[in-house]
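Residue numbers (UniProt numbering): 1 to 554. Ideal Cβ positions, reconstructed from N, Cα and C, are used throughout, including at glycine. Computed from a predicted structure; not experimentally measured. Here is the structure we will look at.
The structure is reproduced here in structure tokens:
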């Protein structure tokens with residue numbers, strides 16, 4: 001009896017472990033490389049005047065797309081270069097590599113499509129891919145051998161230590177990795193049984209803080225068109241790129257340049273299920289990895305060898321026809337990374353390095369489709385970004401402090417005898433900037449001009465009217481909500497009014513009803529100036545009249 005078992009499937013983990021299967025041989029299929037269906041490429045020289053005139057070609061080189069209906073258009077590429085033409089044609093709808101098709105039952109296709117999330121954005125890195133990969137490496141691949149010892153155990157310890165140091169995960173995931181790293185450091189036995197490791201990688205939801213690594217495998221950016229495409233290998237490459245970039249941005253460039261690369265090399269050698277893939281990676285590492293002298297070079301080394309692997313696997317049976325293995329980053333993601341020198345495509349490594357640091361930064365890691373972790377401290381992590389947990393906690397503390405200060409400021413006028421509407425809360429000037437309450441008092445001299453005229457003068461008028469009613473009628477009816485806001489600010493206003501012993505007299509309160517002190521002062525000043533102007537004009541004409549009367553013959 002002959003049977004086949006997919007040991008890469010987590011559901012078959014126990015059976016493969018029982019039979020001691022630690023790697024998977026693969027089958028090769030001879031395909032016609034670099035042959036694409038539904039597209040044909042033809043070269044035309046500038047000497048072909050008839051075709052040049054027919055298509056209106058004015059620049060060389062250039063590429064035109066001719067459709068079956070006879071319409072044509074020039075290819076919209078960032079640079080007139082062969083690599084840009086090739087990439088654009090490969091991304092056209094219906095253009096696929098080779099003529100092979102894998103036989104998959106209709107039910108399997110429908111089930112896969114039902115479980116697939118929405119189309120991912122290629123410019124983003126998804127935490128769902130990262131956490132799914134870490135889960136698979138620790139609980140599936142590292143848990144395959146019955147006993148870990150020697151180089152295998154050392155490789156696992158290095159891998160977990162690197163994750164705990166550089167992985168920009170959610171707080172509970174970082175706690176999980178740090179807890180596992182500490183546990184492995186304290187493991188002094190020469191052998192680590194599978195049962196002990198299985199117990200160590202379990203989630204601890206009830207711990208404080210919680211140590212949780214989601215057990216669900218959800219592929220978003222690494223999702224393939226079929227379940228056997230992309231997925232874990234794509235996630236592992238993403239993890240490795242992320243770790244090299246984080247290491248390059250976390251310490252001196254010349255310090256431990258091979259820290260992440262050596263960890264990757266050991267992990268792939270001892271745990272990666274595809275034995276042929278592990279052998280190819282080991283050959284690449286043995287050839288040139290020791291030449292890396294800085295963390296910057298480590299980032300570029302991994303990028304260039306990832307492209308080398310893509311070129312080797314392009315057109316193979318592991319390639320997803322919907323996601324062909326191209327040289328990365330493609331021109332539409334990083335046009336400045338590509339150059340053409342004498343018709344030959346080259347890379348601008350400085351531009352590539354800048355792109356990699358930006359693409360694999362924590363700020364570009366998104367929580368879309370990530371498995372929610374039901375912890376109180378993590379449900380507030382709705383900013384859809386990593387690396388912001390500390391900021392969110394700080395904002396929560398500031399919000400609580402603002403509420404406490406608001407309650408204190410609301411209670412203060414009542415203690416001083418002010419009457420206000422029950423339940424009225426402190427109203428602050430509109431602002432899009434969230435300020436620390438300790439600095440709010442110092443920043444009150446910065447006036448929001450959009451609301452100054454509407455709230456400031458209006459509320460002062462209402463406050464003066466309220467004082468007048470209290471003096472004349474002893475009215476105890478609550479003021480308008482805007483007046484209530486100004487009443488909460490009354491202690492500060494009274495200090496300004498009473499400064500220097502100046503107090504308003506009753507007649508000034510009556511005359512100034514509905515006006516501020518500034519309005520009254522301006523009125524008095526203008527009245528005085530107009531009076532002086534009239535007096536001057538009267539004096540001028542009076543003297544002029546007398547002078548004319550004193551002339552002879554007038």
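- The segment 325-341 makes no contact with the segment 287-297: fewer than 3 CB pairs, one atom from each, lie closer than 8 angstroms.
- Contact between the segment 182-197 and the segment 231-248 is absent: fewer than 3 CB-CB pairs across the two stretches fall below 8 angstroms.
- Looking at the DSSP output, residue 193 bridges to 147.
- In the DSSP secondary-structure assignment, residue 340 is bridged to 345.
- In the three-state reduction of the DSSP assignment, residue 43 falls in the coil class, being assigned neither a helical nor a strand state.
- With respect to the 8 angstroms criterion, residue 282 and residue 269 are classified as neighbours on the basis of their beta carbons.
- With respect to the C-alpha of residue 220, the residue from 150, 369, 316 having the closest C-alpha is 369.
- Around residue 265, the same chain offers 281, 282, 285, 289 as residues with beta carbons nearer than 8 angstroms, after the five sequence neighbours per side are excluded.
- Around the CB of residue 222, 16 or more other CB atoms lie within 10 Å, so the residue is classed as buried.
- For residue 208, the closest C-alpha among the options 180, 172, 242, 193 is that of 172.
- Inclusion of residue 191 and residue 160 in the CB contact set at 8 angstroms is not warranted, their separation being larger than that value.
- With a cutoff of 8 angstroms on beta-carbon distance, residue 213 and residue 167 are scored as not near each other.
- Between residue 299 and residue 353, the C-beta spacing is below 8 angstroms.
- Taking a C-beta distance under 8 angstroms as the contact criterion, residue 151 and residue 271 do not qualify as a contact pair.
- The Cβ atoms of residue 342 and residue 348 lie no closer than 8 angstroms to each other.
- Rounded to the nearest angstrom, the gap between the Cα atoms of residue 315 and residue 325 is 8 angstroms.
- Residue 297 places its beta carbon 8 angstroms or farther from that of residue 252.
- Cβ neighbours of residue 158 within its own chain (closer than 7 angstroms, five residues either side excluded): 263, 266.
- Here the alpha carbon of residue 184 sits roughly 15 angstroms from the alpha carbon of residue 139.
- Distance from the CA atom of residue 306 to the CA atom of residue 189, rounded to whole angstroms, is 36 angstroms.
- Of 516, 524, 330, the smallest CA-CA separation from residue 122 is found for 330.
- In this structure, 245 is the residue among 211, 520, 245, 62 with its C-alpha nearest to the C-alpha of residue 361.
- Here the alpha carbon of residue 74 sits roughly 14 angstroms from the alpha carbon of residue 92.
- A Cβ-Cβ distance of about 7 angstroms is found for the pair residue 169 and residue 131, placing them in contact under the 8 angstroms criterion.
- Residue pairing by DSSP puts residue 73 in a beta bridge opposite 65.
- Within 10 angstroms of the beta-carbon of residue 275 lie fewer than 16 other beta-carbons, which makes it exposed.
- Per DSSP, residue 226 lies in no alpha helix (DSSP H) segment and is marked neither H nor E.
- With contacts defined as CB atoms closer than 8 angstroms, residue 356 and residue 303 qualify as a contacting pair.
- In the structure shown, residue 269 adopts helical secondary structure according to DSSP, grouped into three states.
- Between residue 55 and residue 46, the gap from beta carbon to beta carbon reaches 8 angstroms or more.
- In the displayed model, residue 320 falls within a strand according to three-state DSSP.
- Apart from the 5 residues on each side of it in sequence, residue 217 sits with its Cβ closer than 6 angstroms to the Cβ of 132 in its chain, given in chain order.
- For residue 365, DSSP records a beta bridge to 125.
- When DSSP states are grouped into helix, strand and coil, residue 549 belongs to the helix group.
- By the neighbour-count criterion, in which 16 or more other beta carbons inside 10 Å mark a residue as buried, residue 540 falls on the exposed side.
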